[in-house]
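Heads up, the thing below is written out as structure tokens.
Number of protein chains: 2
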Amino acid sequence: MSRSNGASKAKRQQAILSFVAQERLGSQEEIRGRLASMGIAATQSTISRDIEELGLARMHGHDGTRYVVPGDGRAPQPVAMLRRLLDEFALSMVRADQGLIVRTPPGAAAALAEGLDRAGLADVAGPNARRNTIHKRGREGGNPPPREQAHTPKK
Amino acid sequence: MSRSNGASKAKRQQAILSFVAQERLGSQEEIRGRLASMGIAATQSTISRDIEELGLARMHGHDGTRYVVPGDGRAPQPVAMLRRLLDEFALSMVRADQGLIVRTPPGAAAALAEGLDRAGLADVAGPNARRNTIHKRGREGGNPPPREQAHTPKK
DNA sequence: CACCTGATTGCATAATCATGCGTCATGGAG
DNA sequence: CTCCATGACGCATGATTATGCAATCAGGTG
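As you go down the protein sequences, you meet chains A and B in turn. Start counting at 1 in the first sequence, then tack on 5, and there's your number in the working numbering. Start counting at 1 in the second sequence, then tack on 5, and there's your number in the working numbering.
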């Protein structure tokens, strides 16, 4: 790594995520304080970068601003269909360093992908990948990417 | 009222809400420009106050920061939320013979996982997920105090 | 081992956002 | 009509966040 510290980047970010999800942290300086009280040293600069990488959001509330984890806004009666879908095909979800791996019984991946595709989610996957990393047994059995981007993300 | 301007406060805020919901505005200055191009004059100060009153959030994505309407992610259908999450974090999605691999920028996986968890999707994978990997809900290495006051230690 | 490449971080500083204070209008009371 | 209270703003400035640069360190490579 670079500067030797007590905790690695991943650890620090994990901690930030945890704090932000539990407490009302309104500034990076506050976050820095919590990290410090946990033995993790970092400057505001680093935290700013972590926040960017984690994709956190700073939101306004009745009591000022606070950082939050995207997706906090719980939906009323959400995930019904998606839940059913994953419930049927997903064996487990593993969080990797650079992604998420949803495991399914052999062969079922196609079905899941198809389901997500029909749900209008598949187009998120585009050929815009930069580096190839995912290991962990992740090999494609000759299955080309689901589809092209028929949808425009942002930009 | 106050300073007589072309538009009332309500109208201005309505416009801001509308712009933010549709475009990728990353700074109050940009918002100001947008309003101006619509004939509504306002300073950054005013916009800052509007944003607070509207309870908007500034969120980080793979393409920079942007203001968003909280709850904009919660859509009529459960899929919309997941779509939003993936839209923000997923670089690519590859279908493997035994699962799906969602690639994200380094570190963002945790955020995605957290988001899915918050959405009530985590348990879809059942106890398998917990057994196989790190699960955020519980505690990591040794987090002492995530229990703090929800008060306002603001400024 | 010397050298090059990429990652990660601190520092200093630029870019943004938030807010105290004073002013301008509006509306109601006296 | 005059005076006072309230709300909305702009300005200037303090508070926060973002980022260019350079140093440091882990890994390959020749």
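Where a beta carbon is used, it is the ideal one built from N, C-alpha and C, also for glycine.
- For residue 62(A), the uninterrupted beta strand (DSSP E) run begins and ends at 62–66, by DSSP.
- With 16 or more other Cβ atoms from the protein chains shown falling within 10 Å of its own Cβ, residue 51(B) counts as buried.
- Closest in C-alpha terms to residue 55(A), from the list 40(A), 29(A) and 28(A), comes 40(A).
- For residue 54(B), the secondary structure class from DSSP, reduced to helix, strand or coil, is helix.
- When 17(A), 61(A), 67(A) and 33(A) are compared, the shortest CA-CA separation from residue 43(A) is found for 17(A).
- Straight across, the Cα-Cα distance linking residue 38(A) with residue 45(B) is about 41 Å.
- Rounded to the nearest whole angstrom, the C-alpha separation of residue 75(A) and residue 13(B) is 32 Å.
- When the Cα atoms are used, residue 49(A) and residue 49(B) turn out to be separated by approximately 25 Å.
- Taking CB atoms only, residue 57(A) has a neighbour in chain B less than 7 Å away.
- When secondary structure is reduced to three states using DSSP, residue 73(B) falls in the strand class.
- In terms of CA proximity to residue 68(B), 29(B) leads the group 24(B), 58(B), 29(B) and 35(B).
- Here DSSP, grouped into helix, strand and coil, assigns residue 59(B) to helix.
- Residue 64(B) and residue 20(A) do not touch by the CB rule: their CB atoms are close to 20 Å apart, not below 8 Å.
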